[in-house]
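Data block below; observations after.
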Amino acid sequence: MCGIVGYVGSRPAVDVVVGGLRRLEYRGYDSSGVAHFSGSRIEITKSEGKLQNVETLLKTVSTAPAARCGIGHTRWATHGKPTTQNAHPHRTGHVVLVHNGIIENYQEIKQQLVARGHKPVSETDSELFGFLVLEKMDAGRSMLDAVRESFLEVQGACSIVVMSEKEPGRIVGVRNGAPMVAAADPQGGVILASDAQPILEYTRDVVFMEHGDLVVGTEAGLEFRELQSGRPVARPTSRLDWTPGALDKQGFDHYMLKEIHEQPASIVDTLNGVLDRARAESFPLAAQPAVELLAAAKRITIVACGTAWHASMVGKYWLERWMRVPVTVELASEYRYRNPVIDPGMLVIGVSQSGETADTLAVIHELKKQGIATLAITNTRGSSLSREAQATVFTSAGPEIGVAATKTFTVQMLALLCFAAAIGKQRLDPAGRAELETVFSQLVRIPHLLEEYLSSPLRTTVQSIAREIQRSRGFFFIGRGTSYPLALEGALKLKEIAYVHAEGYAAGELKHGPIAMIDGEMVVVVLAPTDAWREKTVSNLEEVKARGARVIGVGHPADEMLKKVSHHWIPLPGAELHESLLPFVLTPVIQLLSYELAVLKGTDIDKPRNLAKSVTVE
Ligand code: M6R
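The sequence shown begins at 729 in our numbering and counts up one residue at a time.
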């Protein structure tokens, strides 16, 4: 996802900005760029691909070393391909900007701008904001007022940093959704960034900007304003007393929490690895041996354990829906000893974060010996599974330190979705293909959506619910469709890190037995996003509520009815999302609920008792 750095002060601005972008590389991106003042002129250097390309170009820009004010950006393409032209910073006349997030009403704004004679040169939503600022500045407004008034015209969660040749040595930033951190440089000047990482080299005193904050940075320091009213506002400075260990955890109390927050970036990196984003089509798979294996499969069996098994179960819904092949998902430890029926047309896929899980490995090893096509999906390069299978799809979640799998779960699901959709689209009718185009255009926005969701009051909501239910006797997680494996995963997370008894159930199965356990000491977490199964899941909610259970409803904000019947309510983002994408927004909810309950119980969250990160014995 996009990263932003802005600097004005007495240091070499380009070095500060490029160094900051390096620290934001972990967020994932596909192009980057830097703009710096040279006198009163702004020069832009940008390129598709890695930041290294921009650094190489900057070596030939003679004015770069002397610059004392600049902004920079790493871009994750949502509107338009990852080309140099679409890369940020964008120039519109004397206005130059970088943007993180999405302008939802960009079509409407674009039409108005074109009608007024403007000619956007990129395919991005971001560039349009520059025209709005330009028009207002040319009508006599200051950059601050122009940015503020323009921002009030756009909808969507985003952060923007702007410079103008009419006001050299000044940067104006806005935070509305996508995070932004600001700090005064002890040597004079200021630095703005998408998170604290680029700032820590210079100071540990930072301001975490709030939604709807505007900031003006000059060599004299920082000034905050309210976006709506434009009035000055005071924002407290937080001292980041991060020990080396905490630095490693980027200020999060646990690796698990850090890794939950890394999910947007893991999605970006995995999409960059699995897809060829330069191709202008939906789900443009990069050439890889896995494609042939999947395309040739007459039926698919996925083997996995634990969380990977749950991700595979979600994958089954997508593979069957989009590819129209029969899929079975098997616990590797059961399948390997079952003498299963195999046939030459089948493909067996081993899904494993570590790539070392003994049971999963054994199945792949055995079936390969019998001539069956084998594929691995793993997060670990060089792992035994990747060496054993005929082909491997590598997910790119980066190292996962917490024993509880979080971000690797998300990217396992993602890899399966990409293949199901990419191969499926060749087989579908025009209506199906059009549907997949919608799924794809929404999928590339999921990192932004999740980043915003994770920086919203979600955690505070979950914390206060956790406090109220912490003494409950047990938990059920229920859901239907793709929310069913999510229910299983929610229960597994709770057991493994909070040591609380929990079960995941297909909502329709409750009345076939487990409902006997329901009473006032039980909590039922009802995963009921707005999808084809929602109505039936809500009926199951009524059944458990009637028997005294405390109900945590998880659904979309417009679902007033679900909210009303739930004792506790967790709203999901992305009401407009295609139902195939709902697992990605449910995931942080179930992870955070377990995490907060574990915090209250005081368990060893990153190293839960009796568990190992990689289960290399059967
Ligand atoms: O490395 P793998 O993905 O093969 O591991 C499978 C399970 O051992 C693993 O998912 C385990 O269930 C985690 N502790 C879940 O958080």
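Quick reminder that beta carbons are idealized off the backbone N, C-alpha and C, glycines included.
| query | Run through DSSP, which three-state label would H1295 get? | reply | Reading the sequence shown from its first residue, position 567 is the one you call residue 1295. If DSSP states are grouped into helix, strand and coil, H1295 belongs with coil.
| Proximity to I799 [Cα-Cα], best of A792, Q1118, T806, P817 | As a position in the sequence shown, residue 799 is number 71, starting the count at 1. Comparing Cα positions, the closest option is P817.
| N-terminal and C-terminal residue of the beta strand (DSSP E) that V1343 is part of | Here residue 1343 corresponds to residue number 615 of the sequence shown, with the count starting at 1. From DSSP, V1343 is part of no beta strand (DSSP E); its letter is neither H nor E.
| Check whether T1106 and L1095 have beta carbons under 7 Å apart | Position 378 of the sequence shown, counted from the first residue, corresponds to residue 1106. Position 367 of the sequence shown, counted from the first residue, corresponds to residue 1095. Taking 7 Å as the Cβ cut-off, T1106 and L1095 do not qualify as a contacting pair.
| field | Option nearest H1295 by Cα separation, candidates L1320, G1248, D1332, L1305 | value | Residue 1295 sits at position 567 when you count from the first residue of the sequence shown. H1295 has its Cα closest to that of G1248, out of L1320, G1248, D1332, L1305.
| said: Can you tell me whether V1091 sits near the ligand M6R, meaning its C-beta is under 6 Å from at least one heavy atom of the ligand? | reply: Numbered from 1 along the sequence shown, position 363 holds the residue referred to as residue 1091. No, the ligand M6R has no heavy atom inside 6 Å of this Cβ.
| Leaving out five residues before and five after K1044 in sequence, what residues of the same chain have Cβ atoms less than 8 Å from its Cβ? | As a position in the sequence shown, residue 1044 is number 316, starting the count at 1. If we look at K1044 and ignore the five residues flanking it on each side, its Cβ neighbours are I1030, V1055, T1056, V1057.
| request: With DSSP as the reference, please indicate the residues paired to F952 in a beta bridge. | output: Counted from its first residue, the sequence shown places residue 952 at position 224. DSSP output for F952 lists V943 as bridge partner(s).
| message | Suppose the cutoff is 6 Å on Cβ atoms and the five residues either side in sequence are ignored; what does the same chain contact list for V935 look like? | response | Indexing the sequence shown from 1 puts residue 935 at position 207. Correct list, in chain order: A910, R963, T965.
| Leaving out the 5 sequence neighbours to the left and right, which residues in its chain are closer than 7 Å to K986 when beta-carbon positions are compared? | Position 258 of the sequence shown, counted from the start, is the residue given in the question as residue 986. Excluding residues within five positions, the ones whose Cβ falls inside 7 Å are K977, Q978, F980.
| For E1217, the three-state DSSP class (helix, strand or coil) | Taking the first residue of the sequence shown as 1, we reach residue 1217 at position 489. Helix, per DSSP.
| request: Measure the Cβ-Cβ separation of E1084 and S768 and say whether it is below 7 Å. | output: Locating residue 1084 in the sequence shown gives position 356, counting from the first residue. Locating residue 768 in the sequence shown gives position 40, counting from the first residue. Cβ atoms of E1084 and S768: not closer than 7 Å.
| If you draw a straight line from the C-alpha of A1014 to the C-alpha of S760, how long is it? | By one-based count along the sequence shown, residue 1014 stands at place 286. By one-based count along the sequence shown, residue 760 stands at place 32. Near 21 Å, if we compare the C-alpha coordinates of S760 and A1014.
| field | Delimiting residues of the alpha helix (DSSP H) encompassing T1102 | value | By one-based count along the sequence shown, residue 1102 stands at place 374. Careful: T1102 lies outside any alpha helix (DSSP H), inside the beta strand (DSSP E) at 1101-1106.
| Environment of V1345 [buried if 16+ CB atoms lie within 10 Å] | On the sequence shown, position 617 is the one that residue 1345 refers to. Classification for V1345: exposed.
| Residue span of the beta strand (DSSP E) that contains G1283, given as start and end | In the sequence shown, counting from the first residue as 1, residue 1283 sits at position 555. That run of the beta strand (DSSP E) goes 1278-1283.
| message | Would A1226 and K1329 be called neighbours here (beta carbons separated by less than 7 Å)? | response | Position 498 of the sequence shown holds residue 1226. Position 601 of the sequence shown holds residue 1329. Closer than 7 Å, so yes.
| query | Mapping DSSP to helix, strand and coil, what is L1186? | reply | Stepping through the sequence shown from its first residue, residue 1186 is reached at position 458. Secondary structure of L1186 (DSSP, three-state): helix.
| For M1250, does the three-state DSSP call read helix, strand or coil? | Counting from one through the sequence shown, the residue named residue 1250 turns up at place 522. Residue state, collapsed to three classes: strand.
| task | Taking only runs that begin and end inside the segment 775-845, name each unbroken beta strand (DSSP E) of 3 or more residues, in chain order. | result | 797-803, 818-820, 823-829
| First and last residue of the uninterrupted beta strand (DSSP E) at S766 | As a working note, residue 766 is residue 38 in the sequence shown. Residues 759-766.
| message | Taking the alpha helix (DSSP H) that E938 belongs to, which residues open and close that run? | response | On the sequence shown, residue 938 is found 210 positions in, with the first residue counted as 1. It is not in any alpha helix (DSSP H) - E938 carries neither H nor E in the DSSP assignment.
| task | Mind reading off the beta-carbon distance from V1121 to Q991? Whole number of angstroms is fine, and I expect it under 8 Å. | result | Taking the first residue of the sequence shown as position 1, residue 1121 is located at position 393. Taking the first residue of the sequence shown as position 1, residue 991 is located at position 263. Wrong, their Cβ atoms sit about 18 Å apart, outside the cutoff.
| task | Pull up the DSSP beta-bridge partners for T773, would you. | result | Taking the first residue of the sequence shown as 1, we reach residue 773 at position 45. Looking at the DSSP assignment, T773 forms a beta bridge with V762.
| query | In terms of alpha-carbon separation, which member of Q915, E832, E836, I888 lies closest to G858? | reply | In the sequence shown, counting from the first residue as 1, residue 858 sits at position 130. Out of Q915, E832, E836, I888, I888 has the C-alpha closest to the C-alpha of G858.
| G1236 to K1264 span [Cα, whole Å] | Taking the first residue of the sequence shown as position 1, residue 1236 is located at position 508. Taking the first residue of the sequence shown as position 1, residue 1264 is located at position 536. Their backbone Cα atoms lie some 8 Å apart in a straight line.
| query | Are the beta-carbon atoms of E947 and G905 separated by less than 7 Å? | reply | Indexing the sequence shown from 1 puts residue 947 at position 219. Indexing the sequence shown from 1 puts residue 905 at position 177. No, Cβ-Cβ distance for E947 and G905 is not below 7 Å.
| message | Ignoring anything shorter than 4 residues, give me the alpha helix (DSSP H) runs that lie fully in the segment 1125-1180, in order along the chain. | response | 1135-1152, 1158-1171
| said: So, at 6 Å on beta carbons, what are the nonlocal neighbours of L1177 in its own chain, with the 5 sequence-adjacent residues on each side left out? | reply: In the sequence shown, the residue the question calls residue 1177 occupies position 449. Answer for L1177: P1301, G1302, listed in chain order.
| message | How far does the beta strand (DSSP E) with G737 in it extend, from its first residue to its last? | response | On the sequence shown, residue 737 is found 9 positions in, with the first residue counted as 1. Element bounds for G737: 731-737.
| query | Less than 6 Å between the CB of V1343 and some heavy atom of the ligand M6R, yes or no? | reply | Numbered from its first residue, the sequence shown carries residue 1343 at position 615. Yes, the beta carbon of V1343 sits closer than 6 Å to at least one heavy atom of the ligand M6R.
| message | In this structure, how does DSSP classify F879 when only helix, strand and coil are distinguished? | response | For the purposes of this step, residue 879 is taken as residue 151 along the sequence shown, with counting starting at 1. Here F879 carries a helix assignment [DSSP, helix/strand/coil].
| message | Quick check: what's the CA-CA separation for G1001 versus S994? | response | Within the sequence shown, numbered from 1, the residue matching residue 1001 stands at position 273. Within the sequence shown, numbered from 1, the residue matching residue 994 stands at position 266. C-alpha separation (whole angstroms): 10 Å.
| Is T931 helix, strand or coil when you go by DSSP? | Residue mapping note: residue 931 aligns to position 203 of the sequence shown, counting from 1. The answer is coil: DSSP assigns T931 none of H, G, I, E or B.
| field | Simplified DSSP state of G958, which is helix, strand or coil | value | If you number the sequence shown from 1, residue 958 lands on position 230. It is coil, neither helix nor strand.
| In this structure, what does DSSP give as the bridge partners for F1203? | The residue labelled residue 1203 in the question sits at position 475 within the sequence shown. Answer by DSSP bridge pairing, in chain order: A1230, V1251.
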